[in-house]
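0 is the number of the first residue of the sequence shown in numbering that gives the first Met the number 0; add one for each residue after it.
Glycine included, every Cβ here is placed at the ideal spot set by N, Cα and C.
For reference, the structure discussed in these notes is given below.
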Amino acid sequence: MDIDIALVRRLIAQQFPQWENLSIQKIEPGGSDNRTFRLGSDLTVRLPSHVAYEPQVAKEQYWLPRLADHLPIAIPMPVAQGRPTHEYPWPWSIYRWIEGKTAKAADIPDLPAFAVSLAQFLADLQRVDATGGPPPGPHNFYRGGHLSVYDEQTRLALRNLEDHIDIGSATLIWEAALQATWNRASVWVHGDMHPTNLLVEDGHLTAVIDFGCLGIGDPACDLAIAWTFFTGTSRELFRRHLPVDAGTWARARGWALWKTAITLTEPKTDLSNREEAWHIIHEILDMKGTHPQ
Numbered sequence: 000m001d002i003d004i005a006l007v008r009r010l011i012a013q014q015f016p017q018w019e020n021l022s023i024q025k026i027e028p029g030g031s032d033n034r035t036f037r038l039g040s041d042l043t044v045r046l047p048s049h050v051a052y053e054p055q056v057a058k059e060q061y062w063l064p065r066l067a068d069h070l071p072i073a074i075p076m077p078v079a080q081g082r083p084t085h086e087y088p089w090p091w092s093i094y095r096w097i098e099g100k101t102a103k104a105a106d107i108p109d110l111p112a113f114a115v116s117l118a119q120f121l122a123d124l125q126r127v128d129a130t131g132g133p134p135p136g137p138h139n140f141y142r143g144g145h146l147s148v149y150d151e152q153t154r155l156a157l158r159n160l161e162d163h164i165d166i167g168s169a170t171l172i173w174e175a176a177l178q179a180t181w182n183r184a185s186v187w188v189h190g191d192m193h194p195t196n197l198l199v200e201d202g203h204l205t206a207v208i209d210f211g212c213l214g215i216g217d218p219a220c221d222l223a224i225a226w227t228f229f230t231g232t233s234r235e236l237f238r239r240h241l242p243v244d245a246g247t248w249a250r251a252r253g254w255a256l257w258k259t260a261i262t263l264t265e266p267k268t269d270l271s272n273r274e275e276a277w278h279i280i281h282e283i284l285d286m287k288g289t290h291p292q
């Protein structure tokens, strides 16, 4: 739906009049699941963009304060929860503002050290007591669950790419991911470990944001960033500093393959994301060469 500054200003005035005179600025990139606005200098307003993301509001409000004390860097901290209105039909959140820029490899002088910092964050997240945490489901698009939920979608995407990639190798990677199972107790997963959800200052990881896909289960989904952001030495260090076995690593590669394949076969994917996805799928398949224009 169309969520603009004017709507946010009306919601603030109606429900939180103590902040109605603060400036409001739309954050770009603001994500697709939610629209994000800066409120004054110290607050952030976050509104789901579709009913599918509505359950994430209460989940973040409840769990993020309980996770924060156990983690080595900042995560979003809820300040207030907004109510649905006749104009905006879902609950929404106000958080404390966190300084930082979204992670870009070009802005990180020491990517291997950055990989170690992220691995340490994920290892700490996995060590937090997961009792009572939300299991995989529609609320987080089955992050932490078994990859079989995306089997049909992935195989279709790979068939649509067979003129451009080694379909045999891709299928083997996918089937290895399906066959490897998580047999341990459920652990916390962020669920959307993407560079746009990592904040950086002076080249260092300072915060992890957007916990809408938070849940408990198999941590492999969080490790897909090994292929979608890291490469070479940084990927190896990322793996070395995580408590993962070969099966978990195979499933992580499967998660990366699923996401990249559907990105490449989605007609609405813009050119820059398509270019990035071709690079990533070459990393996943360990391929050399060019990609279609």
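Counted within 10 angstroms of its Cβ, other Cβ atoms place residue i as buried (16 or more) or exposed
i: A105; result: exposed
i: S116; result: buried
i: I4; result: exposed
i: T232; result: exposed
i: E282; result: buried
i: S168; result: exposed
i: Y61; result: exposed
i: R82; result: exposed
i: T247; result: buried
i: G131; result: exposed
i: P28; result: exposed
i: P75; result: buried
i: M364; result: Since the displayed the chain opens at 0 and closes at 292, residue 364 lies outside it and no answer follows.
i: V50; result: exposed
i: V243; result: buried
i: L204; result: buried
i: A245; result: exposed
i: L171; result: exposed
i: P88; result: exposed
i: P135; result: buried
i: P16; result: exposed
Spatial neighbours of residue i in its chain, beta-carbon cut-off 8 Å, leaving aside the 5 residues before and after
i: T289; result: Residue placement at T289 is flagged as unreliable, the pLDDT there being 40, under the threshold of 50; a coordinate-derived value is accordingly withheld.
i: I11; result: W18, E19, L21, I23, L38, V44
i: L42; result: W18, L21, V78, I93, Y94, R95, W96
i: G190; result: N139, F140, R142, G143, F210, G211, C212, L213, G214, C220, D221
i: N9; result: Looking at the sequence shown, residue 9 is not Asn but Arg. Closer than 8 Å at the Cβ level, and outside the excluded window around R9, lie E86.
i: N272; result: T262
i: T268; result: T262, A276
i: D109; result: G202
Spatial neighbours of residue i in its chain, beta-carbon cut-off 7 Å, leaving aside the 5 residues before and after
i: L107; result: The amino acid at residue 107 is misidentified as Leu; the sequence shows Ile. Excluding sequence neighbours, I107 sits near F113, V199, G202.
i: H138; result: P54, Q55, K58
i: P71; result: Q119, F120, D123
i: Y52; result: D32, N33, G211
i: Q14; result: G81, R82
i: R98; result: Here residue 98 turns out to be Glu, not Arg, going by the sequence shown. Taken in chain order, the residues that qualify are E200.
Extent of the continuous alpha helix (DSSP H) to which residue i belongs
i: A79; result: Unbroken run through A79 is the beta strand (DSSP E), 77 to 81; no alpha helix (DSSP H).
i: S92; result: From DSSP, S92 is part of no alpha helix (DSSP H) but of the beta strand (DSSP E) over 91 to 95.
i: R260; result: Note that residue 260 is Ala in the sequence shown here, rather than Arg. It spans 245 to 264 - the alpha helix (DSSP H) in which A260 sits, taken as one unbroken run.
i: P54; result: 54 to 67
i: L226; result: Rather than Leu, the amino acid found at residue 226 in this sequence is Trp. W226 -> alpha helix (DSSP H) spans 224 to 227.
i: T232; result: 231 to 239
i: N272; result: 270 to 284
i: Q125; result: 110 to 126
i: E151; result: 150 to 159
The beta strand (DSSP E) enclosing residue i, as first and last residue numbers
i: T168; result: Thr is not the amino acid found at residue 168; the sequence shown has Ser there. No beta strand (DSSP E) holds S168; the alpha helix (DSSP H) holding it covers 166 to 178.
i: V188; result: 186 to 188
i: A206; result: 203 to 207
i: N33; result: 33 to 38
i: T43; result: 42 to 47
i: L198; result: 197 to 200
i: I4; result: Looking at the DSSP string, I4 is not in any beta strand (DSSP E); the run it does join, the alpha helix (DSSP H), is 4 to 14.
i: Q24; result: 23 to 25
i: V215; result: The displayed chain sequence assigns Ile, not Val, to residue 215. Unbroken beta strand (DSSP E) run through I215: 214 to 216.
Nonlocal neighbours in the same chain, by C-beta distance under 6 Å from residue i, ignoring five residues either side
i: T227; result: A255, I279
i: A79; result: I93
i: V7; result: I23, F36, V44
i: W91; result: L46, G81
i: Q178; result: none
i: K100; result: V199
i: A129; result: S185, V186, W187, I215
Cβ of residue i within 9 Å of any chain D Cβ
i: V44; result: Here there is only one protein chain, and chain D is not present.
Whole-angstrom C-beta distance between residue j and residue i, which should lie under 8 Å
i: Q127; j: L63; result: Strictly speaking, residue 127 in this sequence is Val, with Gln absent from that position. Not confirmed; about 12 Å, so no contact.
i: A206; j: A73; result: 4 Å
i: R250; j: A176; result: 5 Å
i: W173; j: G253; result: 6 Å
i: S48; j: M0; result: 7 Å
i: L270; j: D165; result: Their Cβ separation, rounded to whole angstroms, is 24 Å, which puts L270 and D165 out of contact at 8 Å.
i: L236; j: P111; result: 5 Å
Is the region 179 to 196 touching the region 212 to 223, taking contact as three or more C-beta pairs under 8 Å?
yes
Contact the region 148 to 157 vs the region 248 to 261: 3+ CB pairs below 8 Å
yes
Report yes or no: do three or more beta-carbon pairs, one from the region 263 to 280 and one from the region 158 to 172, lie closer than 8 Å? yes
Determine, using beta-carbon pairs with one atom in the region 224 to 231 and one in the region 140 to 147, whether at least three such pairs fall under 8 Å.
Counting Cβ pairs under 8 Å, fewer than three are found: no touch.
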